[in-house]
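See structure below.
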Amino acid sequence: MKVTTAGISGADFCGRTNRTIQKAVDAVYLQGGGEVHILPGTYIMYDSLHLRTGVDIVGSGDKTVLKKTRGFSTLFAADSGYGHFDVSVM
76 MKVTTAGISG ADFCGRTNRT IQKAVDAVYL QGGGEVHILP GTYIMYDSLH
126 LRTGVDIVGS GDKTVLKKTR GFSTLFAADS GYGHFDVSVM
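To convert, take the position in the sequence shown, counting from 1, and add 75; that gives this note's numbering.
Quick look at the structure:
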């Protein structure tokens, strides 16, 4: 089974955010599946982790912390509803 690591340093994919973990998950998925081991550390989650079929994610117990950021809001020029692509961000 393919094992890939994601961590702050000394890993196959290095960084402190969900983007690092997601890159590892996507890479393992594209290689046919396996495991992503998240090394000890605190990772800032700007977005959800998008899981993939055939990829297991394994943390380092209580030494791996996924910390959600505070949300933010953006004003829109128009209320376009769901599924519209003609939106302007101001």
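Even for Gly, the Cβ is constructed at its ideal location relative to N, Cα and C. Just so it is clear, the structure is predicted and the values come from calculations on it, not from any experiment.
*Would you report the Cα separation of GLY85 and HIS125, rounded to the nearest angstrom?*
Approximately 23 angstroms between the Cα atoms of the pair.
*So GLY82 packs on ILE113, CB below 8 angstroms; how close in whole Å?*
Confirmed, Cβ separation roughly 7 angstroms.
_Cβ shell of ILE132 (< 6 angstroms), same chain only, five flanking positions each side left out_ = These residues qualify, in order along the chain: VAL111.
*Between the beta-carbon of GLY109 and the beta-carbon of MET76, is there less than 8 angstroms?*
In contact: GLY109 and MET76 (Cβ atoms closer than 8 angstroms).
*Who does ASP48 pair with in a DSSP beta bridge?*
Look at the range of the chain in this structure, 76 to 165, and you will see that residue 48 is not part of it.
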